[in-house]
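Structure, as structure tokens:
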Amino acid sequence: IWRLLATEKEAIRMIISDLEDHRYIVELRKLTSVDVDELMTSRQEDILQIAYERGYFDYPKRI
80 IWRLLATEKE AIRMIISDLE DHRYIVELRK LTSVDVDELM TSRQEDILQI
130 AYERGYFDYP KRI
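If you use my numbering, the sequence shown corresponds to residues 80 to 142, in order.
Encoded structure:
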């Protein structure tokens with residue numbers, strides 16, 4: 080089971096399409112809207128932004 084978070088429904092559709100193109104069986108069980116402001120605290124957002132800027136999510140990692 081995967082949980083995906085996207086700002087637009089089209090992004091979810093594209094991910095599902097790509098998975099199916101690679102022969103994965105995809106079953107969308109639930110699609111809900113969330114208030115983006117409730118996802119993370121401002122401190123969590125700051126830390127995530129710093130990690131991104133410093134290359135934490137790069138492959139290969141810069142840090």
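A virtual CB, placed ideally from N, CA and C, is assigned to each residue, including glycine.
The beta carbon of Thr86 is closer than 7 Å to none in its chain, skipping five residues each way along the sequence. Between the alpha carbons of Glu89 and Ser96 lies a distance of about 10 Å. Out of Pro139, Arg82, Phe136 and Tyr138, the CA that lies nearest to the CA of Arg108 is found in Arg82. In the DSSP annotation of this structure, the continuous segment of the alpha helix (DSSP H) that includes Met93 starts and ends at Lys88 to Asp100.
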